[in-house]
Every structure is written in C-alpha cells, then in structure tokens.
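The structure appears right after this line, and notes come after that.
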Amino acid sequence: MQLNRILLLVALLTYTLCMAQSSEELSRKTVFIIIDGISSDQLKKADTPNLDRISKKGGYTDAYVGGGKDSYSETPTISAVGYNSLLTGTWANKHNVWGNEIKAPNYNYPTIFKLYKDQYPKGTTAVYSSWLDNRTKLVGEGLPETGNYKIDYTFDGLEYDTINYPHDPYRNFMKLIDYSVADHAAESIRKNGPDLSWVYLEFSDDMGHGFGDSERFSAAIHFEDQLIGKIYNAILEREQSLNEEWLLIITTDHGRSSNNGKHHGGQSERERSTWIITNIKNTNEYFSTSVPGIVDILPTMTDFMHINVPQHIRREMDGISLIHPADMMNLSAEKKGKNLIITWDKLQNGQAKLYASGTNEFNTGGKDTYEQLKTLDLSKEETSIPLRKLPKGYTKLVLESENTTLNTWIPVE
Ligand SMILES: [Zn+2]
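Per my numbering, the sequence shown starts with residue 201, numbered consecutively.
As structure tokens, then:
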C-alpha cells in the first residue's frame with residue numbers, strides 16, 4: 201500500500217515536472233487581424249461561426265476607436281488612422297496619421313514590429329495585406345526612420361495587379377484579393393510560423409461604403425469570417441503539432457455612420473463602436489468589465505511576446521494590457537481654479553507615483569525629464585496639485601504603478 205503511494209507520488213511529480221518544462225519551452229507567436237469597417241452592432245447581426253468559436257475559446261469585448269472624444273487625443277474614425285493606433289498603441293495626436301493619405305507618420309512612436317525587432321532581431325515577422333501602404337508607409341519597412349528592418353514574409357500589393365484582379369464597380373476584385381491574402385496567410389503561417397504577423401482584409405468596408413446596412417454587408421462579414429477560419433485552423437494545427445502558443449487578436453478599425461452605415465470618419469457612437477476578439481483565455485478584469493480601446497492591443501501583444509518596452513516609450517503608450525494585471529484606468533486631469541484635479545479609476549488596490557514633464561521632446565525623437573509630484577493611494581481615485589507646482593509649458597502627466605503606466609496631457613498657462 202505504502203509502496204503504491206510512493207510510486208503514485210513519484211509519477212505525479214514526474215508528470216508535474218514534465219508539464220512545467222514543456223510549458224516553459226512553448227514558443228510564443230502572435231497574429232493580429234484587422235477586418236475593415238465593421239461596427240459592433242453589424243458584427244453581432246452577421247453569421248460568424250468562426251469568430252464565434254474563437255470568442256468562445258478566448259473572449260469577446262465591445263471596444264472603441266477615436267481617442268478621447270472632444271479632447272486633445274480625439275482621433276478621426278478613418279481606416280489608416282485606426283490601423284496606426286493599433287500598430288503604435290497611441291492616438292493620432294502622437295502617431296500623426298490623420299487620413300488614408302498617410303502624409304507624415306511620426307515614427308518616433310514605434311510600431312509593434314519595431315518594438316519586437318529591437319528586442320528580437322532574429323525573430324520573424326509577416327504582413328499579409330489587401331493594402332500595400334500598410335507595410336510601406338505605416339510599418340515603414342526598410343525606412344531609415346524605423347531602423348531599416350525587413351519584414352520576413354510579405355504578401356500584398358495585389359490592388360495594383362489589374363490583370364489578375366481587374367477592378368470592377370462592385371469591387372468584386374477586392375473580395376478576390378482578400379481571399380488570396382487570407383489563403384496565403386494561412387499557408388505561410390502553417391509552413392513558416394512567423395513570430396509576429398499582421399493580416400489585413402478590406403472587402404467588408406467596401407461593401408459598407410457601397411451598400412450601407414444591408415444583406416450585402418452582412419454577407420461580406422460572413423465571407424471575412426470564413427477567411428479567418430482558415431487562418432485560425434492553421435494556428436490550431438501548429439499548436440497541436442508543435443511546442444507553440446499563439447495569441448490571435450481580431451478587431452476592426454472603425455464603425456459606421458448611424459443613418460445608413462455608408463460612411464465613417466466622425467465621432468458618433470456608432471462610428472466609434474468596435475470590438476476585439478481573442479483566442480486567449482487569460483484576459484484580465486479590464487477586458488471583461490470595461491470597453492477597451494484599439495490602443496490596448498499593442499501592450500497586450502508586448503506582454504504576451506515578452507517584449508520589454510523601455511520606460512520612456514511606455515510613458516507615451518495610450519493603452520493598457522488586456523492579459524496582464526492592470527491597476528488603474530481612465531486617467532484624466534482638469535483645471536479647477538488654481539489646482540489641477542487628477543482622477544482615475546482603480547482596478548486594484550495599491551500605490552502609484554505621479555510624474556509630470558513640461559516638455560514633449562519624445563515627439564521629435566528626444567527624451568523628456570519627468571519629476572515626481574506625489575505618491576498616491578489608488579483607492580482614493582482623485583488628487584489635487586496646485587498649478588504653480590507643475591512644470592511650465594506643455595505638461596504631460598504620467599501615473600505609474602507596479603503593473604500599469606497611464607498618461608494624459610494637460611496644457612498649463
Ligand atoms: Zn476602414
């Protein structure tokens with residue numbers, strides 16, 4: 201009897217050790233997918249069996265784009281603007297992409313690809329996209345400003361191939377392009393397993409512009425869902441046969457106009473309303489109880505991929521991780537008389553330090569000096585600082601705790 205017990209214990213111990221070892225050896229890989237222009241109400245109406253099975257395994261949340269409405273970070277609900285908020289984890293007042301022309305992106309706010317390559321130069325990256333500018337302009341592949349790095353696997357630019365994809369007024373060519381892009385992405389992921397991949401699909405937005413809230417639009421969402429199913433199956437196959445753990449995040453770049461769904465760009469509730477779906481189970485309380493922003497996807501990916509974001513960059517990022525513990529959210533500051541009233545919402549008890557900088561050198565590639573103003577008890581959710589104690593000029597406030605860094609800007613006269 202005793203011998204049996206000992207044998208059982210030994211077996212259990214061996215099993216536990218093996219499990220611990222194998223989970224340590226899992227290599228982590230990420231795919232993020234943007235499906236263009238699907239408001240959260242339209243997503244819920246459409247038939248999306250694949251997004252449903254991914255949400256069921258991981259999670260779904262309503263989300264938003266557009267920055268702080270009526271504030272310094274208000275951001276147009278326009279495609280490239282939204283993609284760049286995902287890529288950099290910042291709103292347009294920082295990344296400086298205000299329209300689809302992508303006139304002057306501020307590469308001082310690094311994309312997820314740059315953050316990843318800076319830490320893991322040998323890691324592999326991929327962009328599979330129905331729009332070439334995503335790689336050449338937003339990611340800025342090969343540009344000196346972004347460090348000249350290359351994307352290892354690319355499949356894009358089909359919109360310029362008018363022989364194989366002849367343009368037609370109903371934009372069927374874009375449906376074919378999305379099909380080719382997703383097909384190639386699934387194959388490449390299955391075969392090469394890049395560490396960090398971006399898949400971008402456009403057809404849904406084209407149907408929104410052309411037909412508004414309609415059966416055609418719902419059918420386009422269903423079509424994109426089938427393409428995502430192929431990519432998800434490739435990930436599942438790799439997870440089952442290799443020592444890999446994959447983070448899949450799927451989102452959209454903006455909602456649609458409230459009257460007929462044909463437009464976007466403004467700040468209406470429906471244009472701002474998006475969603476985030478992930479295959480990951482261990483999302484945090486912030487994911488499950490609030491409405492995250494598109495800027496929260498970058499810190500989620502850096503946490504999952506174990507990318508150490510340098511403090512001066514973290515202090516500029518406008519998002520919060522959706523998988524690691526988050527201590528507080530919604531930092532904001534308002535002048536009242538001779539004081540600055542600073543508020544936040546507590547997610548966990550603890551302390552945080554409040555810092556201010558009177559400069560914005562980061563914006564032009566420099567570094568800012570922060571002075572510490574206070575140590576705060578997070579449960580208070582409010583504090584007051586006399587304006588005369590703040591650095592003169594354009595003040596950036598940072599609230600830093602063990603797990604979370606928040607920032608807000610406040611002009612001081
Ligand atoms: Zn769009």
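Ideal Cβ placement from N, Cα and C applies to all residues, glycine included.
From a predicted model like this one, the values you see are computed outputs, not experimental measurements.
Neighbour-count burial assignment, residue i, 16 or more Cβ in a 10 Å radius
i: A420; result: buried
i: M227; result: Per the sequence shown, residue 227 should be read as Ser rather than Met. Exposed: under 16 other Cβ atoms inside 10 Å.
i: A304; result: exposed
i: T248; result: buried
i: D252; result: exposed
i: S271; result: exposed
i: K294; result: buried
i: R456; result: buried
i: I477; result: buried
i: E571; result: exposed
i: L442; result: exposed
i: R335; result: buried
i: T311; result: buried
i: D496; result: buried
i: Y486; result: buried
i: N364; result: exposed
i: H464; result: buried
i: Y328; result: buried
i: S404; result: buried
i: S223; result: Note on S223: pLDDT 49, under 50, position unreliable in the model; the coordinate value appears next. The residue is exposed, with fewer than 16 neighbouring Cβ atoms inside 10 Å.
i: R416; result: exposed
i: Y673; result: The shown model of the chain, from 201 to 613, leaves out residue 673, and the question about it has no answer.
Local conformation of residue i per DSSP, three classes
i: R472; result: helix
i: N607; result: strand
i: M407; result: helix
i: N293; result: helix
i: D545; result: strand
i: T288; result: helix
i: D241; result: helix
i: S614; result: Residue 614 cannot be examined here, being either before or after the span of the chain that is shown, 201 to 613.
i: E600; result: strand
i: E516; result: coil
i: D496; result: helix
i: I450; result: strand
i: D502; result: The question names Asp, but residue 502 is Thr in the sequence shown. Three-state result, T502: helix.
i: G268; result: coil
i: A246; result: coil
i: L315; result: helix
i: V491; result: coil
i: P321; result: coil
i: E415; result: helix
i: N433; result: helix
i: N563; result: helix
i: H422; result: helix
i: S458; result: coil
i: G465; result: coil
i: I192; result: The structure shown has nothing for residue 192, since the chain only spans 201 to 613.
Rounded C-alpha distance that separates residue i from residue j
i: F373; j: D236; result: 16 Å
i: H512; j: R390; result: 37 Å
i: I494; j: S285; result: 7 Å
i: M529; j: W475; result: 19 Å
i: K375; j: K567; result: 45 Å
i: P276; j: L531; result: 21 Å
i: T559; j: T595; result: 7 Å
i: S521; j: G550; result: 18 Å
i: E437; j: A386; result: 11 Å
i: D383; j: L573; result: 53 Å
i: M505; j: T362; result: 38 Å
i: E424; j: Y432; result: 12 Å
i: S380; j: T324; result: 22 Å
i: L615; j: T288; result: This structure gives no information on residue 615, because the portion of the chain shown stretches from 201 to 613.
i: S488; j: Y260; result: 8 Å
i: S490; j: N563; result: 30 Å
i: A526; j: H367; result: 47 Å
i: Q467; j: V265; result: 9 Å
i: Y283; j: N300; result: 10 Å
Identity of the residues DSSP links to residue i by a beta bridge
i: R228; result: E445
i: P646; result: As shown, the chain starts at 201 and ends at 613. That puts residue 646 outside it, with no answer to give.
i: W398; result: F232 and V327
i: K574; result: L554
i: Y353; result: A326
i: Y594; result: P611
i: G259; result: T478
Check: residue i C-beta below 8 Å from any heavy atom of ligand 2
i: S380; result: With respect to ligand 2, the structure shown offers nothing to examine, as its ligands consist of ligand 1.
### 4 or more residues per run - each alpha helix (DSSP H) lying fully within the segment 339-384
Considered as a whole, the segment 339-384 harbours no complete run of any alpha helix (DSSP H) with no fewer than 4 residues.
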